[in-house]
Structures are given as structure tokens and as C-alpha cells.
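Colleague: Can you read through this structure? Questions will come right after.
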Amino acid sequence: MEKILEVKNISKKYQNKEGELLALENINFRIQKGEFVSIIGPSGCGKSTLLSIIAGLEEKTTGEVYIEGEKVEGITDKVGYMLQTDCLLEWRSILSNTMFGLEIKGKKEDKIYVENLLKKYNLYDFKDKYPSELSGGMRQRAALIRTLAIKPKILLLDEAFSALDYQTRIMVTNDIYQILRKEGITALIVTHDISEAISMSDRVLVLSQRPGTIKDIHKIDFDIENRTPINVREEPKFSKYFNTLWKELKVDE
Ligand code: ADP
Ligand code: MG
629 MEKILEVKNI SKKYQNKEGE LLALENINFR IQKGEFVSII GPSGCGKSTL
679 LSIIAGLEEK TTGEVYIEGE KVEGITDKVG YMLQTDCLLE WRSILSNTMF
729 GLEIKGKKED KIYVENLLKK YNLYDFKDKY PSELSGGMRQ RAALIRTLAI
779 KPKILLLDEA FSALDYQTRI MVTNDIYQIL RKEGITALIV THDISEAISM
829 SDRVLVLSQR PGTIKDIHKI DFDIENRTPI NVREEPKFSK YFNTLWKELK
879 VDE
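Now the structure itself:
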């Protein structure tokens with residue numbers, strides 16, 4: 629399989645009022661093309677820091693990040709980012725929101741690509757509406773299309789669904805998962821929700837308490853056809869994985 633992301637020996641020290649704070653220590657892992665990997669770990673262990681470093685938004689203290697073999701040094705088009713808030717601009721229509729990234733990059737010719745995504749994922753009829761006229765789930769889908777418009781090689785999701793209520797969250801993760809699989813996107817998902825991590829991933833990476841180090845990497849394997857985040861929740865293996873990860877996290881809390 630083709631390797632798309634390589635994280636090598638990353639550590640991160642912040643300077644704050646009290647002095648130095650070691651947030652991450654000696655992080656090493658790789659992600660293959662098309663793979664979905666989740667990162668779980670106690671609050672404050674450095675998950676968001678790690679994603680920001682991979683995206684080239686935050687300086688690292690040691691180590692390197694490679695995407696498709698190319699060293700990440702600063703912000704890169706190869707990375708898409710989804711956060712807890714969908715960051716849609718309320719005064720722009722859905723089409724104009726999803727075109728936003730392309731406008732900044734001066735690549736308006738990709739409008740057809742965006743329109744096709746809107747059609748494919750049932751948002752085209754809403755293209756002239758404003759974000760406030762859409763449901764939470766549809767807003768997230770629009771935010772995803774805006775991110776996909778720049779054709780990222782890897783999508784980073786930082787607690788992207790945690791602001792949604794439980795019911796909506798289940799539906800939205802299922803929706804987003806299927807879109808990402810269909811588009812062949814590679815995803816790195818930070819979540820504090822063990823079930824979400826298991827339901828969405830091929831592997832789950834467990835970080836220790838700060839300074840975050842990799843404690844363990846679990847392969848998640850449901851041998852069912854047309855796997856979705858909803859249907860794997862019914863599998864006997866699901867609770868087995870849940871218990872293993874739960875115990876591993878509890879040690880640190
Ligand atoms: P997580 O996302 O796992 O909750 P973060 O990556 O946000 O953790 O933070 C890891 C640690 O680094 C925390 O102790 C946090 O307070 C600290 N931290 C994060 N950003 C900064 C910053 N800009 N300056 C100083 N300390 C920071
Ligand atoms: Mg965080």
C-alpha cells in the first residue's frame with residue numbers, strides 16, 4: 629500500500645509564563661492512502677497540537693512531517709481541516725461558502741467540480757440558501773464540500789462532531805464517513821469519543837497523558853460488507869474494542 633502521511637519523531641515544547649511545557653514527545657506513525665485513523669487520549673495530551681503540526685500551522689520542536697513524501701513546512705494545500713464549528717460564513721450562500729477556499733487560491737475554474745459535489749451529495753438545491761436555513765447536518769456536509777473543493781490529500785478532523793447533539797452526531801458521522809470513502813480521502817480523526825473512533829476507523833492511536841506519547845495502536849477490523857459507522861455498532865466486536873480502549877484510557881484519567 630501507498631504511504632501518504634509520515635510523522636517522524638515529533639515533539640513539541642510550548643513556552644508559557646511558568647516556563648516550558650512539553651506537549652508531545654517522540655510521536656511516530658504512518659498512514660496509508662485511503663486509511664481512516666483516529667487519535668484518542670486524555671484532554672490536554674496534545675491531540676490538537678499534533679494536528680496543527682501536521683497541517684503546518686504550528687511549529688514543531690523536533691521531527692518532520694511528510695505528505696506524499698514531501699516535507700511539510702508551513703501551510704499546505706495537501707491538507708484539509710475540519711473543526712468543531714463549521715466556520716460557514718452566514719452572509720454567504722452555500723455555493724459561495726463552498727467556493728471560498730478556491731477563491732482565496734484564485735482557482736475559480738474548479739467551480740464545476742464544486743457544483744458536482746453539491747449535486748452528488750444532495751446540496752445543489754440549497755446552493756442559493758444561507759447557512760442559517762440549513763440543518764446542523766447539512767451545514768457540516770457543506771463545510772465538508774468546502775474542504776474537499778481544494779482536493780486535499782488528507783483530511784484532519786479535530787473533534788469535528790462534538791458540538792452536535794448525540795442523535796445528529798451519529799447521523800452526521802455516518803454521512804461524512806460515506807462521502808469520504810466514496811471520494812477516496814484519507815482521514816485523521818481526533819475525538820474524545822471512543823465509540824466514534826471505533827465506528828469510523830481502520831486504526832485507533834492512543835495517546836498517553838501529557839506529554840503525549842503513543843501508548844498503543846489498535847487495528848479495527850469488522851469483516852462485514854458495506855461497513856458504516858452505524859452498522860458496526862451492532863457487531864459483537866464493537867464492544868470488545870470499546871472495553872479495551874476504555875481500560876487503556878481509564879488508566880490515564
Ligand atoms: P488536546 O487537544 O489533546 O486537548 P492540546 O493540543 O490542545 O491538547 O494541548 C496540549 C497541551 O499544550 C495543553 O496542556 C495545553 O494547555 C498546551 N497548549 C496548547 N496550545 C498552547 C499554546 N499556544 N501555548 C502554550 N501552551 C499550549
Ligand atoms: Mg483539542
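Residue 629 is where the sequence shown starts when you use the numbering used here, and the numbers rise one by one after that. Just so you know, even glycine gets a beta-carbon here, dropped at the ideal spot from N, CA and C. In this text, all values refer to a predicted model and were calculated from it rather than measured experimentally.
In whole angstroms, give me the CA-to-CA distance for I682 and F850.
Modeller: What you label residue 682 is simply residue 54 of the sequence shown in a count that begins at 1. What you label residue 850 is simply residue 222 of the sequence shown in a count that begins at 1. Cα-Cα distance, rounded: 28 angstroms.
Colleague: DSSP has A815 in a bridge; who is on the other side?
Modeller: The residue labelled residue 815 in the question sits at position 187 within the sequence shown. Its beta-bridge partners are F664, L783.
Colleague: Three Cβ pairs or more, each shorter than 8 angstroms: is that satisfied between the region 759 to 769 and the region 790 to 810?
Modeller: yes
Colleague: Give the C-beta separation of S829 and S666 to the nearest angstrom, bearing in mind that I take them to be a contact with Cβ-Cβ under 8 angstroms.
Modeller: Translated into positions along the sequence shown, residue 829 becomes position 201. Translated into positions along the sequence shown, residue 666 becomes position 38. With a Cβ gap of about 4 angstroms, S829 and S666 count as contacting.
Colleague: With a threshold of 8 angstroms, establish whether the CB of Y709 neighbours any heavy atom of the ligand SAM.
Modeller: Here the bound small molecules are the ligand ADP and the ligand MG; the ligand SAM is not part of this structure.
Colleague: Given the structure, does G669 come close to the ligand ADP, in the sense that its CB is under 8 angstroms from one of the ligand's heavy atoms?
Modeller: Position 41 of the sequence shown, counted from the start, is the residue given in the question as residue 669. Yes, Cβ of G669 sits closer than 8 angstroms to a heavy atom of the ligand ADP.
Colleague: Using a 10 Å radius around the Cβ and a threshold of 16 neighbouring Cβ atoms, would you call D803 buried or exposed?
Modeller: To locate residue 803, count along the sequence shown from 1; it is residue 175. Flag for D803 reads buried.
Colleague: Answer yes or no: do G691 and I638 have a C-beta to C-beta separation smaller than 9 angstroms?
Modeller: Position 63 of the sequence shown, counted from the start, is the residue given in the question as residue 691. Position 10 of the sequence shown, counted from the start, is the residue given in the question as residue 638. Yes, they are a contact pair.
Colleague: May I have the straight-line CA-CA distance separating T605 from D753, to the nearest angstrom?
Modeller: Absent from the model: residue 605. The displayed extent of the chain is 629 to 881, so no value can be given.
Colleague: Could you tell me which residues DSSP puts in a beta bridge with Y642?
Modeller: Locating residue 642 in the sequence shown gives position 14, where the first residue counts as 1. Bridge partners of Y642: L649.
Colleague: Using a Cβ-Cβ cutoff of less than 7 angstroms, which residues in the same chain neighbour T677 once the five nearest sequence positions on both sides are dropped?
Modeller: Locating residue 677 in the sequence shown gives position 49, counting from the first residue. Result list for T677: K640, A651, L652, E686, in chain order.
Colleague: Just to confirm, does N854 get its C-beta within under 8 angstroms of one of the non-hydrogen atoms of the ligand ADP?
Modeller: One-based indexing of the sequence shown puts residue 854 at position 226. No, Cβ of N854 sits at least 8 angstroms from all heavy atoms of the ligand ADP.
Colleague: Quick check: what's the CA-CA separation for N725 versus R774?
Modeller: On the sequence shown, residue 725 is found 97 positions in, with the first residue counted as 1. On the sequence shown, residue 774 is found 146 positions in, with the first residue counted as 1. Cα to Cα, the separation comes out at about 7 angstroms.
Colleague: Using 10 angstroms around the beta-carbon of I722, count the other beta-carbons present and answer buried if the total reaches 16, otherwise exposed.
Modeller: Here residue 722 is taken as the residue at index 94 of the sequence shown, counted from 1. I722 is classed as buried because its beta carbon has at least 16 other beta carbons within 10 Å across all chains shown.
Colleague: Do the CB positions of L873 and I842 come within less than 9 angstroms of each other?
Modeller: Along the sequence shown, read from residue 1 onward, the residue named residue 873 stands at position 245. Along the sequence shown, read from residue 1 onward, the residue named residue 842 stands at position 214. No, these two residues do not count as a Cβ contact at 9 angstroms.
Colleague: What residue range does the beta strand (DSSP E) around M710 cover?
Modeller: Mapped onto the sequence shown, residue 710 falls at position 82. Following the DSSP letters along the chain, one finds M710 inside the beta strand (DSSP E) bounded by residues 707 to 710.
Colleague: Does DSSP classify L833 as helix, strand or coil?
Modeller: Taking the sequence shown and counting its residues from 1, the one referred to as residue 833 is at position 205. Of the three classes helix, strand and coil, the one that applies to L833 here is strand, per DSSP.
Colleague: Can K675 be considered in contact with the ligand ADP, in the sense that its beta carbon sits closer than 8 angstroms to one or more heavy atoms?
Modeller: Within the sequence shown, numbered from 1, the residue matching residue 675 stands at position 47. Yes - the ligand ADP has a heavy atom lying nearer than 8 angstroms to the Cβ of K675.
Colleague: Report the three-state DSSP secondary structure of F657 (helix, strand or coil).
Modeller: Translated into the one-based positions of the sequence shown, residue 657 becomes position 29. F657 falls in the strand class under three-state DSSP.
Colleague: Could you spell out where the beta strand (DSSP E) holding T690 opens and where it closes?
Modeller: In the sequence shown, residue 690 corresponds to position 62, counting from 1. Residues 690 to 695.
Colleague: Got a sec, what are the start and stop residues for the beta strand (DSSP E) I778 sits in?
Modeller: Sequence index remark: in the sequence shown, residue 778 carries index 150 (1-based). It is not in any beta strand (DSSP E) - I778 carries neither H nor E in the DSSP assignment.
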